[in-house]
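Numbering (the numbering used here), first residue to last: 73 to 378.
This is the structure in C-alpha cells:
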C-alpha cells in the first residue's frame with residue numbers, strides 16, 4: 073500500500089514532522105534486475121514491508137518502464153549506467169546507483185544535472201559492504217602518514233571492468249586526505265606491470281576464479297609495512313549496506329557518494345544516515361565532497377558493488 077505525498081518528502085509516502093518516512097511502502101524499479109546484485113536487491117525488497125518492486129528492467133527493457141517507481145535502483149553495466157541515471161534524473165526520480173562507470177568527472181556532471189537547489193537525489197555507492205567502507209576509511213586515515221602506497225584488488229574473472237570502483241574510491245579518498253603531501257612515491261610508473269595510477273596511487277587488478285572480492289592497501293614506511301585488507305566472502309555481506317542505501321535514496325537531495333556519507337564513522341552522530349536511520353540528505357553529500365582535480369583518474373570505474 074502506498075501513502076500520500078507531503079511537502080519535503082521525496083517519495084509517495086507518509087512522512088513525520090522531520091520529513092522521515094513513516095512505514096509506508098516505497099516502490100522500486102531495478103535496472104539490471106537479472107544480474108547478481110539485481111537479484112539480491114529484489115530479495116531484500118521482497119523480505120521487507122518497506123519496499124515493493126514494481127518494475128524489473130533488463131537489457132531489452134524500455135527505460136520508461138522505470139517511471140512508475142519512487143526509487144530507481146541502477147545495478148546494470150558500465151556501458152549503460154550513465155544513460156539510465158540521466159534518464160531517471162531528467163524525470164525527477166530518486167536514484168540509487170551501484171554500477172561501475174562513474175569517474176570523478178562524470179560525478180561532477182551528475183551533480184550539475186541535479187540542479188541548484190536539487191529537486192531530487194542520487195546516491196552512488198562504490199561498495200555496499202560495511203567492512204569495505206571501514207577499510208577505505210582506515211586507509212584514508214593512514215595515507216596522511218605514508219608516501220609509499222599501492223592497492224591490490226581482486227575480483228571474480230567475470231568482472232568486466234578494472235580497476236574496481238572500490239579501489240578507485242579508496243585511492244581518491246587517500247589522495248584527498250594527504251593533499252598537503254602531494255602525490256605518492258610511485259617509481260617506474262611508466263612500466264605497464266606497475267599497474268594503473270589512480271590519484272597518483274598504483275592500483276593492480278586481479279581477475280580470478282574462486283574470488284568474490286578482496287582489496288589490500290599496502291603502505292611502505294621506514295622499517296615497516298602496513299597492510300589494510302578487506303575480503304568479501306559472500307554477496308550476503310552487501311545486505312546491510314543495501315538497506316542503509318535504500319533508506320537514504322528515498323529522501324536524498326543532490327549527490328551523495330559513498331556509504332561512508334551515510335554512516336556515523338567518527339561516532340559524532342553527524343552522518344547523513346545509518347543502519348537504523350531514515351536516510352541521507354543533501355547535507356550528507358556536502359559532508360563528503362568528491363575530490364576535485366585528482367591526478368591519474370581511472371578511465372572506467374568509480375562505482376561498483378563488489
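Yeah, the Cβ is synthetic: ideal placement off N, Cα and C, and Gly gets one too.
Note that this is a predicted model, so its numbers are computed, not measured.
If we call anything under 9 Å between Cβ atoms a contact, is residue 179 one with residue 229? Residue 179 places its beta carbon 9 Å or farther from that of residue 229.
Going by C-alpha distance, which of 260, 209, 205, 287 is nearest residue 234? Closest option to residue 234, judged by alpha-carbon separation, among 260, 209, 205, 287: 287.
To the nearest angstrom, how far is the alpha carbon of residue 268 from that of residue 324? If you draw a straight line from the Cα of residue 268 to the Cα of residue 324, it is about 33 Å long.
Closest by CA to residue 123, which one among 129, 338, 148, 102? The candidate whose alpha carbon is nearest that of residue 123 is 102.
Residue 374 by DSSP, collapsed to three states: which one? Low per-residue confidence applies at residue 374: pLDDT is 33, beneath 50, and the placement is therefore not dependable, though the value from the model is reported in the following sentence. DSSP places residue 374 in coil when its eight states are reduced to three.
Can you name, in chain order, every residue of its own chain whose Cβ lies under 6 Å from the Cβ of residue 266, other than the five neighbours on each side? Residues 260, 274 of the same chain have their beta carbon placed closer than 6 Å to that of residue 266, with the five preceding and five following residues left out of the count.
Rank 326, 257, 283 by C-alpha distance to the C-alpha of residue 189 and give the top, closest one. Nearest to residue 189 by alpha-carbon distance, out of 326, 257, 283, is 326.
Three-state secondary structure (DSSP) of residue 280: Shown here, residue 280 sits in coil according to DSSP, grouped into three states, outside any helix or strand.
Buried or exposed, going by whether 16 or more other CB atoms sit within 10 Å of the CB of residue 213? With fewer than 16 Cβ atoms within 10 Å of its Cβ, residue 213 is classed as exposed.
By DSSP, does residue 304 sit in helix, in strand, or in coil? Residue state, collapsed to three classes: strand.
Secondary structure of residue 113, DSSP reduced to three states: If DSSP states are grouped into helix, strand and coil, residue 113 belongs with the helices.
Using the Cβ count rule (16 or more neighbours within 10 Å means buried), how would you classify residue 338? Label assigned to residue 338: exposed.
At which residues does the alpha helix (DSSP H) containing residue 182 begin and terminate? Counted as a single uninterrupted DSSP element, the alpha helix (DSSP H) harbouring residue 182 occupies residues 176-185.
For residue 298, which residues does DSSP report across the bridge? DSSP lists 291 as partners of residue 298.
Does the beta-carbon of residue 305 have 16 or more other beta-carbons within 10 angstroms, so that it is buried, or is it exposed? Exposed, because fewer than 16 other Cβ atoms sit within 10 Å of the Cβ of residue 305.
8 Å contact criterion, which residue 215 and residue 250 should meet: CB distance rounded: Their Cβ separation, rounded to whole angstroms, is 5 Å, which keeps residue 215 and residue 250 in contact under 8 Å.
May I have a chain-ordered list of the alpha helix (DSSP H) segments no shorter than 4 residues that lie completely inside the stretch 92-167? DSSP runs (the alpha helix (DSSP H)) wholly in the stretch 92-167: 108-118, 153-162.
Can you tell me the Cβ-Cβ gap for residue 168 and residue 143, rounded? I've got them flagged as a contact below 8 Å. A Cβ-Cβ distance of about 6 Å is found for the pair residue 168 and residue 143, placing them in contact under the 8 Å criterion.
Check for me: the alpha helix (DSSP H) holding residue 314 runs from which residue to which? Residue range 311-323 is occupied by the alpha helix (DSSP H) that includes residue 314.
Let me know if residue 162 comes out buried or exposed under the rule of 16 or more other beta-carbons within 10 Å of its beta-carbon. When all chains shown are included, residue 162 counts as exposed.
I'd like to check one pair, residue 135 with residue 149: are the Cβ atoms closer than 9 Å? No; because the gap between Cβ atoms is not below 9 Å, this pair is not in contact.
Who pairs with residue 274 in a beta bridge, going by DSSP? DSSP output for residue 274 lists 269 as bridge partner(s).
Tell me which residue opens and which closes the alpha helix (DSSP H) that residue 327 is part of. No alpha helix (DSSP H) contains residue 327, which is instead part of the beta strand (DSSP E) from 326-329.
Cβ atoms of residue 238 and residue 225: under 9 Å apart, would you say? A contact, by the Cβ cut-off of 9 Å.
Would you identify the three-state DSSP class for residue 246, choosing helix, strand or coil? The DSSP-derived three-state label of residue 246 is helix.
Among the candidates 130, 291, 340, whose CA atom is the shortest distance from the CA of residue 218? Cα-wise, what sits closest to residue 218 is 291.
For residue 197 versus residue 330, is the C-beta distance shorter than 9 Å? In contact: residue 197 and residue 330 (Cβ atoms closer than 9 Å).
Closest Cα partner of residue 141 within the set 119, 164, 276, 262: The shortest Cα separation from residue 141 among 119, 164, 276, 262 belongs to 164.
Compare the Cα-Cα distances from residue 104 to each of 118, 128, 98, 308 and report the closest residue. The closest CA to that of residue 104, considering only 118, 128, 98, 308, is found on 128.
Rounded straight-line distance, which links the Cα of residue 284 to that of residue 296: Looking at the two C-alpha atoms, the distance is approximately 29 Å.
So, helix, strand or coil for residue 196, using DSSP? Strand at residue 196.
Alpha carbon to alpha carbon, what distance is there between residue 115 and residue 317? Residue 317 and residue 115: Cα-Cα distance of roughly 15 Å.
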